[in-house]
Amino acid sequence: MVLHNGGIGEVYNIGGNNEKENIEIVKLILNYLNKEENLIEFVQDRFGHDRRYAIDNSKISKGLGWSPSYTFEEVVAETIIGI
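For the record, in the sequence shown the residue sitting at position 8 is 8 according to this note's numbering, with numbers rising by one throughout.
#1: Can you give me the C-alpha to C-alpha distance between Glu41 and Gly15, rounded to a whole angstrom?
#2: Please confirm whether Asp92 and Asn13 have their CB atoms less than 8 Å apart.
#3: Restricting to runs no shorter than 4 residues, where is the alpha helix (DSSP H) found entirely within the segment 38 to 82?
#4: Using the Cα positions of Leu39 and Ala77, report the straight-line distance between them to the nearest angstrom.
#5: In the structure shown, what three-state DSSP assignment does Lys20 receive?
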């Protein structure tokens, strides 16, 4: 869509409209792998760590009418275990 409809020299952020905490994703992965949550080991935050990673995809959504085809939950199993 960007190749054919995007503006020359424009930059488009492509995001899935999914904000999740790291712990939520770790627990989801463990669940798909049938592993216990006691495998999680918490470590000290690193100096200068980011509190939030988020992509603003409003430009591609509004400008080109793009939206994600799948949710995070729909594709996470395929990503993790290839089903």
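Virtual Cβ for every residue (Gly too), placed ideally from N, Cα, C.
Per the coordinate set shown:
#1: 29 Å
#2: No answer is possible for residue 92: the residues shown for the chain start at 1 and end at 83.
#3: 58 to 64 and 72 to 81
#4: 19 Å
#5: coil
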